[in-house]
Amino acid sequence: MDEYLEYLLQDLQLSIQRAKQEAVISGMNGLGDAGTDLVTSFASYSGVEAVAFPPASRLKDRQLKKLLSAIHQLLDSMLIELVFPANLPPNREYQLLLQQWTQPFVLKLHAFQPLDFCELDMKNCPYGEQFCYCKNFQTDWEDM
Ligand SMILES: [Zn+2]
């Protein structure tokens, strides 16, 4: 598994470097303003398919952390800011990011944008009631 992960991490690193170069080029050409938003997905942006990622159950903690940190760098290069509960277990975060991997996504090239899976619906919250901040909003709503 370690050897395989090295390849996967390399792929991710390459796509991050490529993304940075493209950002520099579009910056030089005066692109990257509003109006150049791009519909893509993590998969097509990175060129790494979702099936390339091993299931969380096959990964040791340190392997999972390495992968997550590479994915974070990739999202950073896409100007995507994850809005995940601080105590969310890494394997849960990994699963959510992989679910999102092939979903179409409007990339804003000019500003950071948040990526949040919580829709403040506690019963169906993908983060889980246990971890998510939406439970803090619940009582407010019941009082309203
Ligand atoms: Zn929530």
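With the numbering used here applied, the sequence shown corresponds to residues 39 to 182, in that order. Even glycine gets a Cβ: it sits at the ideal position worked out from N, Cα and C. Given the structure is predicted, the values throughout are model-derived calculations rather than measurements.
Buried or exposed (CB count within 10 angstroms, at least 16 for buried), residue i
i, result
"Phe-175", "exposed"
"Ser-95", "exposed"
"Ser-107", "exposed"
"Glu-44", "exposed"
"Val-77", "exposed"
"Val-86", "buried"
Closer than 7 Å: residue i CB and nearest ligand 1 heavy atom
i, result
"Leu-158", "yes"
"Tyr-45", "no"
"Tyr-165", "yes"
Nearest-angstrom Cβ-Cβ length linking residue i and residue j, presumed shorter than 8 Å
i, j, result
"Ile-109", "Gln-151", "That belief does not hold up - the Cβ atoms of Ile-109 and Gln-151 are roughly 16 Å apart, past 8 Å."
"Leu-145", "Val-121", "Leu-145 to Val-121, Cβ: 17 Å. No contact."
Between the CA atoms of residue j and residue i - distance to the nearest angstrom
i, j, result
"Asp-114", "Ser-53", "12 Å"
"Leu-46", "Arg-56", "15 Å"
"Phe-143", "Pro-92", "23 Å"
"Gly-70", "Ala-61", "Here the model assigns Gly-70 a pLDDT of 48, short of 50, so the residue's position is not dependable, and the following value carries that caveat. Roughly 8 Å separates the two Cα atoms."
"Gln-138", "Phe-80", "8 Å"
"Asp-99", "Pro-123", "19 Å"
"Gln-101", "Pro-128", "11 Å"
"Arg-130", "His-148", "29 Å"
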